[in-house]
Amino acid sequence: MRVLSIQSQVIYGHVGNNAAVFPLQRNGIEVWSVPTGLLAFNPSYGPPAHRSTAPEEMDAWIAALQTRPEWNQIDAVLLGWLGNPRTAEAAGRAALAVKAANPKAIFLCDPVMGDSDSGLYVDPALPAYIRDHLFPTADIATPNGFELEYLTGGKIDDLPSALAACDALRAKGPAMVVATTLQRKDGGQSQSQTLLEALLVTADGAWLCAVPDLGEGLPKGAGDLFASLFLTRLLKGRTPKKALLFAMSATYTALRDARENRAPEMRLHMIQDLLRAPQFLPDIERVR
């Protein structure tokens, strides 16, 4: 199996391709990683000496890759941090080229644009571009709670509003939406314990999956890790529900390990076996 992963790359830490490529490889998937930008580290540490990839450069890389016979055997495209509409446009061209060569290829678009603790951290024109130009050809979208609100323009604070927002995104193109890190007033608690939830919505139904909330100050890159793990299980033929359970379990395991070891970054190399077979079993329920 092969995945074309188009997202940011850092020298230090585990965000973007640095969070996605190794888990995919550890699960037996070959990855062709295309950097949308190169940073010293994720920007939460300070100025990262960031250099964006020129769209012309990405086009040239993709054109060269298409000369390889293996291009026709790419099974999925994973889009993450794009930064601005011009880079997103080039990434979209790459995704369409993969789909043209293999119509069965999965296109997962993770609309990386911001979070509740940092707000929007991309070009303000990018969210609308992703919604209006990338989602129509995507099979899966994996926004976090902040991104889901930003893309749909409404407050999401309960299950009905979360379902409606996911349906609104599905109407833009993706047959499947997974909304992560939901915060709602009509749930998110279990025996006085705060939960971190993800909502999967497809044409066949909706499932809510929950793990214990580990609190503030966790490493960045959990969303990038989650998207890669979810895609991994779909490529192996698992149902979306089972893919959600796997991705939530392994992502929670990575964050819990970092918290227990007071690590500023996820220690993916130290828990690599658990990225294939995580032991934690999240709660899951069908909600529609």
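Numbering (this note's numbering), first residue to last: 5 to 292. In this text, a Cβ means the ideal position worked out from N, Cα and C, and glycines have one as well. Just so we're clear, the structure is a prediction, and the values are computed from it rather than from any experiment.
Here Pro-268 has Pro-223 as same chain residues with Cβ atoms under 7 Å from its own Cβ, once five neighbours each way along the sequence are excluded. Within the same chain, and ignoring the five residues on either side of Lys-189 in sequence, the residues whose Cβ sits closer than 8 Å to its Cβ are Asp-161 and Asp-162. Taking 8 Å as the cut-off, the beta carbon of Arg-30 is found no closer than this to the beta carbon of Arg-263. A residue is called buried when at least 16 other Cβ atoms come within 10 angstroms of its Cβ; Arg-55 does not meet this threshold and is exposed.
Take the alpha-carbon of Arg-290 and the one of Asp-171: they are about 16 Å apart. Pro-178 sits buried, since 16 or more C-beta atoms from the chains shown fall within 10 Å of its C-beta. C-alpha of Asp-261 to C-alpha of Met-270: approximately 8 Å in a straight line. In this structure, DSSP gives Phe-111 an extended state, which the three-state scheme calls strand. Taken in chain order, the complete beta strand (DSSP E) segments of 3 residues or longer contained in the stretch 54-116 are 80-83 and 110-113.
Apart from sequence neighbours up to five positions away, the residues of its chain that approach Ser-232 with a beta-carbon distance below 6 Å are Ala-24, Pro-27 and Leu-28, ordered along the chain. Annotation for Pro-131: no beta strand (DSSP E) segment contains it, though the alpha helix (DSSP H) segment containing it runs 130-133. In this structure, the beta-carbon distance from Gly-84 to Asp-228 falls below 8 Å. With three or more CB-CB distances shorter than 8 Å, the stretch 117-126 counts as touching the stretch 141-150. Each residue's CA atom was taken as its position, placing Ala-247 and Val-126 some 29 Å apart.
Within the stretch 133-212, the complete alpha helix (DSSP H) segments of 4 residues or longer fall at 149-156 and 163-174, listed in chain order.
With a beta-carbon spacing of about 5 Å, Ala-214 and Glu-201 fall inside the 8 Å limit used to define contacts. Here Leu-43 carries a strand assignment [DSSP, helix/strand/coil]. One alpha carbon belongs to Pro-39, the other to Gly-158, and they sit about 32 Å apart. Taking the CA atoms as reference points, Ala-105 sits about 20 Å from His-137. Taking the Cα positions, Gly-96 is about 35 Å away from Gly-219.
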